[in-house]
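Enquirer:
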Amino acid sequence: KLRVVKSGIQDDEYIIIEGLDDSTEVITGPYSAVSRLLKDGAAVKTQDKK
Numbered sequence: 039k040l041r042v043v044k045s046g047i048q049d050d051e052y053i054i055i056e057g058l059d060d061s062t063e064v065i066t067g068p069y070s071a072v073s074r075l076l077k078d079g080a081a082v083k084t085q086d087k088k
């Protein structure tokens, strides 16, 4: 589900500062794929953290 978040200064890994909690799963990837191609409610596969 699409969520509105507040972003802050980005480092190597983090940019989100508000709008998510520790139990929220997030999608990561290239900007074009996440912002333009991924639609709200689309099926995705999960992968363990590296």
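Those letters in the sequence shown? Residues 39 to 88, by my numbering. Note that beta-carbon positions come from the ideal geometry of N, C-alpha and C, so glycine has one too.
1) Between Asp86, Asp60 and Val43, which has its C-alpha nearest Ile53's C-alpha?
2) My assumption, with CB atoms under 8 Å, is that Arg41 sits in contact with Gly57. Please give the rounded CB distance.
3) Would you call the CB atoms of Gly67 and Ile55 closer than 7 Å?
4) Using a Cβ-Cβ distance cut-off of 7 Å, determine whether Ser45 contacts chain C.
5) Between which residues of its own chain and Gln85 is the CB-CB distance below 7 Å, once the five residues before and five after are set aside?
Expert: In terms of the structure at hand:
1) Reading the sequence shown from its first residue, position 15 is the one you call residue 53. Among Asp86, Asp60 and Val43, the Cα nearest to that of Ile53 belongs to Val43.
2) As a position in the sequence shown, residue 41 is number 3, starting the count at 1. As a position in the sequence shown, residue 57 is number 19, starting the count at 1. 6 Å between Cβ atoms; contact.
3) Start at 1 with the first residue of the sequence shown, and residue 67 comes out as number 29. Start at 1 with the first residue of the sequence shown, and residue 55 comes out as number 17. Not in contact: Gly67 and Ile55 (Cβ atoms no closer than 7 Å).
4) The structure shown contains no chain C; it is built from a single protein chain.
5) One-based indexing of the sequence shown puts residue 85 at position 47. Nothing listed; no residue qualifies.
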